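Residue numbers (the working numbering): 8 to 198. By construction, the Cβ of each residue, glycine as well, lies at the ideal position given by its N, Cα and C atoms. This one's a predicted model, so the numbers in the text were calculated from it and none came from an experiment. Down below is the structure, laid out as structure tokens.
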């Protein structure tokens, strides 16, 4: 197994593997997305790759993990720089409402936002998630990185906590039960 950074222009050659990993991971609870969501994600990824500060990492399988033969893409992570004018689409409006303008501007704008991280169920337990997370966040400006996840994703929250991420103790409104996590080097996460 190896994790490597990939330029946005190179991502289409990995689309089939990314699509499959996305479908495998996010069709499971608590996400419960339709497996066709992988197709929509790959379409969105093409536009995301043009965002300022975009970075992507792939976990590429060559051999065996946990008794399973692996080939191709077995995990991925993507991130980009949050714009200085905080977006309002997707879940951003709820985040802005929960944190307020001062924290959004000071903590999130200009910081690296981890958008997606997924490892195929067959490849878990080999440290790939941590390696992918590290790969896409190592260049975070002044250690400022953040992400959103669901409070219902207990295993995901445990993973990020083990990696040193800190949950902001503010509830994000909306049905998804979202929480904001700040990276281990984020100034606002330091005691």
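Supposed close pair residue i, residue j - CB separation, criterion 8 Å
| i | j | result |
| --- | --- | --- |
| residue 31 | residue 128 | 6 Å |
| residue 21 | residue 10 | Not confirmed; about 13 Å, so no contact. |
| residue 80 | residue 143 | The Cβ separation is near 15 Å, so there is no contact. |
| residue 82 | residue 66 | 3 Å |
| residue 140 | residue 84 | 6 Å |
| residue 157 | residue 184 | 5 Å |
In DSSP terms, what residue i is bridged to
| i | result |
| --- | --- |
| residue 196 | For residue 196, which the question treats as bridged, DSSP gives no partner whatsoever. |
| residue 44 | Bridge partners of residue 44: none, in fact. |
Exposure of residue i, with buried meaning 16 or more beta-carbon neighbours within 10 Å
| i | result |
| --- | --- |
| residue 109 | exposed |
| residue 122 | buried |
| residue 76 | Caution applies to residue 76, whose pLDDT of 39 falls short of 50 and renders its modelled position unreliable; the value that the coordinates give is listed next. Result: exposed. |
| residue 134 | exposed |
| residue 125 | buried |
| residue 105 | buried |
| residue 92 | exposed |
**Prompt:** Is the stretch 98-111 close to the stretch 24-33, with three or more CB pairs under 8 Å?
**Reply:** Between the stretch 98-111 and the stretch 24-33 there are fewer than three inter-stretch CB-CB distances shorter than 8 Å, so the stretches are not counted as touching.
**Request:** Decide if the stretch 133-149 is in contact with the stretch 174-185; the criterion is three or more beta carbon pairs, one per stretch, under 8 Å apart.
**Result:** Short answer: they don't touch.
**Request:** Please determine if the stretch 83-95 and the stretch 56-69 are in contact, where contact requires at least 3 C-beta pairs separated by less than 8 Å.
**Result:** Per the Cβ contact rule, the stretch 83-95 is in contact with the stretch 56-69 (3 or more Cβ pairs under 8 Å).
**Asked** With a cut-off of 8 Å, do at least 3 Cβ pairs link the stretch 182-194 to the stretch 163-174?
**Response** With a cut-off of 8 Å, the stretch 163-174 and the stretch 182-194 count as touching, because enough Cβ pairs lie within range.
**Asked** Going along the chain, which unbroken runs of the alpha helix (DSSP H) with 4 or more residues stay wholly within the stretch 114-165?
**Response** Counting only unbroken stretches of 4 or more residues, the alpha helix (DSSP H) elements lying wholly within the stretch 114-165 are 135-144, in sequence order.
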